[in-house]
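Visitor:
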């Protein structure tokens, strides 16, 4: 039990960090404070220091972690740094919230989770969409068993422009394109709502549509580094007999959209737009409830952070996900890329 504010370190002070900052501020200084900030960029670091004047600032995460006085580190950098920063944070005695994508591959994920077990500390991936009211409702509904067993799901994550605000398009930095950086959000939701089954086989195909699409509107310097996939289709089979279809596209002619749809033996549920349609004596019945709160992205991050902070203060475990779920998500991502590369189904 902590009888003081949780001391947080923020590594990476860009766009996502600012979402976290707003939520932490709203909790109040008696609950949590950002005690240290780290970024390679001088302007981003200075802006973080303006928000948190008492925080120590560093350009090297090792310097930031050296005093060993942090309870909680949020890793909001690009994926090629996630393993080293997460391991160092755990060694420094801090629990870790790591933004997506979790790691570059399964081996890195296993190393970080092993370190967490060794140190007795906690690690969570930033699955903030699980904290949305509709997501939690659908998870509890499906797991309650009243609408039958999950048999099929579709998850999609599509945008009309590549996310060039960060180098998610550069494989050495991101580890993957539209799958690892975008589609993984709704894939995680679909797997979680569906009961977190174990993936057995994966078959996938990818393409890169840029710069044939969107090329003229994007800076020439990005063209030279853009080597990630921006289109993917995949089929995943699970140990409970369910099978999932995945679609991701950064150059879609539709407006930005992302969601998942899960079919059970008695119903179909959808994340966005939120819907519950149930077969009742052969008729399709809309059983979509009115929920308190909405599925605002920023609020879901704030709810996630507030929950983790409250659990740390109460000396309670982080219970939204477990190591098996993290590894299975990473395994599906890795297997999609291996299948696309080899042109063959991957057996896990």
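Numbering (this note's numbering), first residue to last: 376 to 723. For each residue, glycine too, the CB sits at the ideal point set by N, CA and C.
1) Tell me whether residue 457 sits in a helix, a strand or coil according to DSSP, three-state version.
2) Whole angstroms are fine: how far does the CA of residue 480 sit from the CA of residue 705?
3) On a CA-only basis, which of 599, 439, 611, 658 is nearest residue 322? Give me that one, please.
4) Could you spell out where the alpha helix (DSSP H) holding residue 729 opens and where it closes?
5) Short of 7 Å in beta carbon distance, which residues of its chain neighbour residue 653, apart from the five on each side in sequence? Order them along the chain.
6) Using alpha carbons as the reference points, say which of 668, 517, 709 lies closest to residue 580.
7) Please go through the same chain and pick out, in chain order, the residues whose beta-carbon is closer than 8 Å to the beta-carbon of residue 445, but skip the five residues on each side of it.
8) Is residue 591 close to chain B, meaning its C-beta is less than 8 Å from at least one C-beta of that chain?
9) Is residue 406 helix, strand or coil when you go by DSSP?
10) For residue 596, which of 544, 559, 716 has the nearest alpha-carbon?
11) State yes or no: is the C-beta of residue 477 within less than 8 Å of the C-beta of residue 486?
12) Note down the Cα distance separating residue 504 from residue 669, rounded to an integer number of angstroms.
13) If you measure between the beta carbons of residue 428 and residue 666, is that distance less than 8 Å?
14) So the beta strand (DSSP E) residue 544 belongs to, where does it begin and stop?
15) Going by DSSP, which residues form a beta bridge with residue 632?
16) Using 8 Å as the Cβ pair cut-off and three pairs as the minimum, do the region 561-570 and the region 583-596 touch?
17) Quick one: give me the first and last residue of the alpha helix (DSSP H) that residue 620 is part of.
18) Which runs of the beta strand (DSSP E) at least 3 residues long sit entirely within the region 622-701? Give them in chain order.
19) Does the pairing of the region 447-462 with the region 389-406 give three or more beta-carbon distances under 8 Å?
20) Considering only the alpha carbon of each residue, which of 474, 488, 441 lies closest to residue 462?
21) So, with DSSP's three-state summary, where would you put residue 388?
22) For residue 678, count neighbouring Cβ atoms within 10 angstroms of its own Cβ and tell me buried if that reaches 16, exposed if not.
23) Where residue 430 and residue 635 are concerned, what is the direct C-alpha to C-alpha distance, given to the nearest angstrom?
24) Give a yes or no on whether the C-beta atoms belonging to residue 675 and residue 603 are separated by under 8 Å.
25) From what residue to what residue does the beta strand (DSSP E) around residue 517 run?
26) Going by other Cβ atoms of all chains shown within 10 Å of its Cβ, with 16 needed for buried, is residue 423 buried or exposed?
27) Please tell me whether residue 498 and residue 569 are closer than 8 Å, where the distance is taken between their beta carbons.
28) So which of 536, 687, 588, 711 has the shortest CA-CA distance to residue 622?
29) For residue 585, tell me which candidate among 607, 701, 380, 598 has the shortest Cα-Cα distance.
30) Could you tell me which residues DSSP puts in a beta bridge with residue 383?
31) Measure the alpha-carbon distance for residue 734 versus residue 626 and round it to whole angstroms.
32) If you measure between the beta carbons of residue 528 and residue 701, is that distance less than 8 Å?
33) Would DSSP call residue 489 helix, strand or coil?
34) How about residue 472 and residue 501: do their beta carbons lie closer than 8 Å?
35) How long is the line joining the alpha carbons of residue 510 and residue 646, rounded to whole angstroms?
36) Which residue from 515, 526, 546 puts its Cα closest to that of residue 620?
Guide: Short version:
1) Your numbering for residue 457 matches position 82 in the chain shown. Three-state result, residue 457: helix.
2) Walking along the chain shown from the start, residue 705 turns up at place 330. Walking along the chain shown from the start, residue 480 turns up at place 105. For residue 705 and residue 480, the distance between alpha carbons rounds to 7 Å.
3) As shown, the chain starts at 376 and ends at 723. That puts residue 322 outside it, with no answer to give.
4) Look at the range of the chain in this structure, 376 to 723, and you will see that residue 729 is not part of it.
5) Residue mapping note: residue 653 aligns to position 278 of the chain shown, counting from 1. Closer than 7 Å at the Cβ level, and outside the excluded window around residue 653, lie 522, 641, 642, 660, 662.
6) Reading the chain shown from its first residue, position 205 is the one you call residue 580. For residue 580, the nearest C-alpha among the options comes from 709.
7) Here residue 445 refers to the residue found at position 70 of the chain shown. Closer than 8 Å at Cβ, skipping near neighbours: 382, 383, 384, 410, 411, 464, 467, 468, 469.
8) Judged by its chain identifiers, the structure shown contains no chain B, having just a single protein chain.
9) Numbered from its first residue, the chain shown carries residue 406 at position 31. In the three-state DSSP reduction, residue 406 falls in the coil class, being neither helix nor strand.
10) By one-based count along the chain shown, residue 596 stands at place 221. For residue 596, the closest alpha carbon among the candidates 544, 559, 716 is that of 544.
11) Taking the first residue of the chain shown as position 1, residue 477 is located at position 102. Taking the first residue of the chain shown as position 1, residue 486 is located at position 111. Against a cut-off of 8 Å, the Cβ pair of residue 486 and residue 477 comes out as no contact.
12) For the purposes of this step, residue 504 is identified with residue 129 of the chain shown, where counting begins at 1. For the purposes of this step, residue 669 is identified with residue 294 of the chain shown, where counting begins at 1. If you draw a straight line from the Cα of residue 504 to the Cα of residue 669, it is about 12 Å long.
13) Taking the first residue of the chain shown as 1, we reach residue 428 at position 53. Taking the first residue of the chain shown as 1, we reach residue 666 at position 291. In this structure, residue 666 does not lie closer than 8 Å to residue 428 by Cβ.
14) By 1-based counting over the chain shown, the position of residue 544 is 169. First-last for residue 544: undefined, no H or E at that position.
15) In the chain shown, residue 632 corresponds to position 257, counting from 1. Residue 632 is bridged to 533.
16) No contact exists between the region 561-570 and the region 583-596.
17) To locate residue 620, count along the chain shown from 1; it is residue 245. Here residue 620 belongs to no alpha helix (DSSP H); instead the beta strand (DSSP E) covers 618-624.
18) Secondary structure within the region 622-701: the beta strand (DSSP E) runs of 3 or more consecutive residues, fully enclosed, are 632-639, 642-645, 650-655, 658-661 (chain order).
19) They touch, by the three-pair rule.
20) Taking the chain shown and counting its residues from 1, one reaches residue 462 at position 87. The residue from 474, 488, 441 with its alpha-carbon nearest to that of residue 462 is 488.
21) Numbered from its first residue, the chain shown carries residue 388 at position 13. DSSP places residue 388 outside both helix and strand once states are collapsed to three, so it counts as coil.
22) Taking the chain shown and counting its residues from 1, the one referred to as residue 678 is at position 303. Buried is the call here.
23) For the purposes of this step, residue 430 is taken as residue 55 along the chain shown, with counting starting at 1. For the purposes of this step, residue 635 is taken as residue 260 along the chain shown, with counting starting at 1. Rounded to whole angstroms, residue 430 to residue 635 spans 40 Å at the Cα level.
24) Locating residue 675 in the chain shown gives position 300, where the first residue counts as 1. Locating residue 603 in the chain shown gives position 228, where the first residue counts as 1. Inclusion of residue 675 and residue 603 in the CB contact set at 8 Å is not warranted, their separation being larger than that value.
25) As a position in the chain shown, residue 517 is number 142, starting the count at 1. Segment 508-519 is the alpha helix (DSSP H) holding residue 517; no beta strand (DSSP E) there.
26) As a first step, residue 423 is located in the chain shown; it is residue number 48 there, counting from the start. So residue 423 counts as buried.
27) Here residue 498 refers to the residue found at position 123 of the chain shown. Here residue 569 refers to the residue found at position 194 of the chain shown. Not in contact: residue 498 and residue 569 (Cβ atoms no closer than 8 Å).
28) Here residue 622 refers to the residue found at position 247 of the chain shown. The shortest C-alpha separation from residue 622 is found at 711.
29) As a first step, residue 585 is located in the chain shown; it is residue number 210 there, counting from the start. Taking only the C-alpha atoms, the option nearest residue 585 is 598.
30) For the purposes of this step, residue 383 is taken as residue 8 along the chain shown, with counting starting at 1. Partner residues in the beta bridge of residue 383, as assigned by DSSP, are 409, 447.
31) Residue coverage of the chain in this structure runs from 376 to 723, which leaves residue 734 outside it and unanswerable.
32) Locating residue 528 in the chain shown gives position 153, counting from the first residue. Locating residue 701 in the chain shown gives position 326, counting from the first residue. The answer is no: Cβ separation not under 8 Å.
33) The sequence position of residue 489 within the chain shown is 114, counting from 1. Three-state result, residue 489: helix.
34) Position 97 of the chain shown, counted from the start, is the residue given in the question as residue 472. Position 126 of the chain shown, counted from the start, is the residue given in the question as residue 501. It is a contact, given that the beta carbons lie within the stated cut-off.
35) Along the chain shown, one-based indexing puts residue 510 at 135. Along the chain shown, one-based indexing puts residue 646 at 271. CA-to-CA, the gap between residue 510 and residue 646 works out to about 7 Å.
36) As a first step, residue 620 is located in the chain shown; it is residue number 245 there, counting from the start. It is 526.
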